[in-house]
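K.L.:
2 protein chains.
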Amino acid sequence: MKNKIEKLRIVAFVLVTFFNLHVNAQTKMNPLENQNPIFPKGEKTSADYFTGTAWLNVLVPKDETGKYTIGNVEFEPGCRNNWHTHPAGQILLVIEGKGLYQERGKPARLLNKGDVVVIPSNTEHWHGATKDSHFTHIAITNMTEKGAVNWLKPVTEEEYNNCQTTK
Amino acid sequence: MKNKIEKLRIVAFVLVTFFNLHVNAQTKMNPLENQNPIFPKGEKTSADYFTGTAWLNVLVPKDETGKYTIGNVEFEPGCRNNWHTHPAGQILLVIEGKGLYQERGKPARLLNKGDVVVIPSNTEHWHGATKDSHFTHIAITNMTEKGAVNWLKPVTEEEYNNCQTTK
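As they're listed, the protein sequences go chains X and F. Okay, so the first sequence: first residue is 1 according to my numbering, each after it adds one. Okay, so the second sequence: first residue is 168 according to my numbering, each after it adds one.
1. Could you check the C-alpha separation between X:A88 and X:N150 for me, to the nearest Å?
2. Return the first residue and the last residue of the beta strand (DSSP E) that X:A129 is part of.
3. F:T308 and F:Q257 - do their beta-carbons sit closer together than 9 Å?
4. For X:F135, name the three-state secondary structure that DSSP assigns.
5. Per DSSP, which one or two residues make a beta bridge with X:K176?
6. Under a three-way DSSP split, which group does F:C231 fall into?
7. Between F:F206 and chain X, is there a C-beta pair that is closer than 9 Å?
8. Please state whether the Cβ-Cβ distance between X:N57 and X:K41 is less than 9 Å.
9. Can you find a C-beta in chain F that's less than 9 Å from the C-beta of X:K4?
10. According to DSSP, is F:N248 part of a helix, a strand, or is it coil?
11. Using a Cβ-Cβ cut-off of less than 9 Å, give me the residues of the region 58–76 of chain X that come near chain F, in sequence order.
12. For F:Q331, does the three-state DSSP call read helix, strand or coil?
13. Quick one: does X:N150 have its CB under 9 Å from some CB of chain F?
14. In the DSSP output, what is X:Q90 paired with across the bridge?
15. Within 9 Å (strictly less), CB to CB, does X:G114 reach chain F?
16. Step through the CB atoms of chain F and report whether any lies within less than 9 Å of the CB of X:N34.
17. Can you grab the Cα-Cα spacing for the pair F:N328 / F:H301, in whole Å?
18. Tell me whether F:N170 sits in a helix, a strand or coil according to DSSP, three-state version.
19. Are the C-beta of F:G209 and some C-beta of chain X separated by less than 9 Å?
20. How many angstroms separate the CA atom of F:R247 from the CA atom of X:A148?
21. Distance cutoff 9 Å, beta carbons only. Does F:L277 sit that close to anything in chain X?
22. Excluding the five sequence neighbours on either side, which residues of its own chain have a C-beta within less than 8 Å of the C-beta of X:L59, listed in chain order?
23. Looking at chain F, is there any beta carbon in it that lies within less than 9 Å of the beta carbon of X:T93?
24. Using a threshold of 9 Å, state whether the C-beta atoms of X:E76 and X:A108 are closer than that.
25. Write down the C-beta distance between F:E173 and F:N201 rounded to the nearest angstrom, noting that I regard them as a contact closer than 8 Å.
26. Go ahead and pull the three-state DSSP assignment for X:F13.
27. Note down, in chain order, every chain X residue with its Cβ under 9 Å from the Cβ of F:G256.
In structure tokens:
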């Protein structure tokens with residue numbers, strides 16, 4: 001009889017542990033790694049324009065009207081691009097993780113899945129992942145005769161760390 | 168003692184049931200319903216241009232260049248839009264579920280998460296969900312002085328059913 005109780009106790013313990021591990025695996029999947037991305041990662045971006053590691057998958061190099069290009073950008077936690085401007089603007093559609101968008105002189109905006117950022121032309125800004133999450137956005141970038149982007153200086157550790165405390 | 172065994176049995180039974188329900192909820196989530204969409208559903212689309220139920224969330228009504236509009240369209244299983252054309256083309260980015268894209272006179276293309284469809288201007292076509300899955304795509308639609316879309320006839324049951332057997 002005692003044995004039976006012991007066995008049932010063990011079964012209950014195993015079940016609870018298994019369930020907790022399962023739930024933990026599911027919740028831990030999100031923040032630091034993107035296990036099941038919508039679009040393949042593509043190529044690593046240039047260290048000249050990014051701090052940390054990001055991947056760019058060019059989905060549509062040039063639309064038939066020649067007005068824009070579409071890419072998917074995945075940032076590892078802590079990664080961000082340099083300060084930069086777009087001569088004719090850019091649109092970001094956030095599809096995974098948590099990120100930041102900051103225009104020069106303004107507080108950073110915390111970005112979540114489903115957020116849309118309309119970046120006006122000739123506006124100095126940067127975007128990237130938060131420290132504790134990967135981050136993926138689609139970018140629709142308008143093209144002009146002057147190109148699509150003007151890269152500026154890296155976002156320093158100080159700028160990156162301070163902007164995260166202003167949220 | 169018997170009471171104690173009975174109690175432990177009930178606990179084990181409840182745990183197993185709870186775990187199974189949890190696992191079932193997770194696996195059943197994918198094909199027929201989109202429980203955790205990236206973008207909110209938005210408004211139901213017009214029955215004039217869709218067979219079945221779809222929802223349109225206009226993410227960017229008009230880009231600053233005035234050249235395109237961006238929307239998120241979610242189709243319930245079996246739902247598709249009418250045959251139609253775009254005067255300056257459209258791009259679809261598939262973000263959830265399984266869908267179909269067919270140009271007049273060609274076999275349908277089966278679409279999965281991560282697929283990109285570049286729809287040329289003035290090309291008669293339709294898109295929608297398969298019978299057994301919801302389907303969500305982002306649409307970047309080029310705008311012209313003649314509008315962005317010319318709606319034509321509904322996709323008949325026969326057209327829809329036959330195209331699915333050609334995959």
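Using N, Cα and C, we set each Cβ at its ideal position, and we do this for glycine too. All values derive from a computational prediction rather than experimental measurement.
P.N.:
Taking the geometry as given:
1. When rounded, the distance between both Cα atoms is 11 Å.
2. Here the beta strand (DSSP E) through X:A129 covers H125 to A129.
3. yes
4. strand
5. Since the displayed chain X opens at 1 and closes at 167, residue 176 of chain X lies outside it and no answer follows.
6. The amino acid at residue 231 of chain F is misidentified as Cys; the sequence shows Glu. Reduced to three states, the DSSP call for F:E231 is coil.
7. It does; some Cβ of chain X falls within 9 Å.
8. yes
9. yes
10. strand
11. Taken in chain order, the members of the region 58–76 of chain X whose beta-carbon sits within less than 9 Å of a beta-carbon on chain F are L59, V60, D63, E64, T65, K67, Y68, I70 and N72.
12. Of the three classes helix, strand and coil, the one that applies to F:Q331 here is helix, per DSSP.
13. no
14. X:I119 and X:T141
15. yes
16. no
17. 16 Å
18. DSSP places F:N170 in the helix class (H, G or I) of the three-state scheme.
19. no
20. Taking the Cα positions, F:R247 is about 35 Å away from X:A148.
21. no
22. Result list for X:L59: F39, I70, G71, N72 and I138, in chain order.
23. Per the sequence presented here, residue 93 of chain X reads as Leu, with Thr not at that position. Yes, X:L93 counts as interfacial toward chain F.
24. In this structure, X:E76 sits away from X:A108, with a CB-CB distance that is not shorter than 9 Å.
25. So it is not a contact: roughly 42 Å between Cβ atoms.
26. helix
27. At a beta-carbon threshold of 9 Å, the residues of chain X lying near F:G256 are D63, E64 and T65, ordered along the chain.
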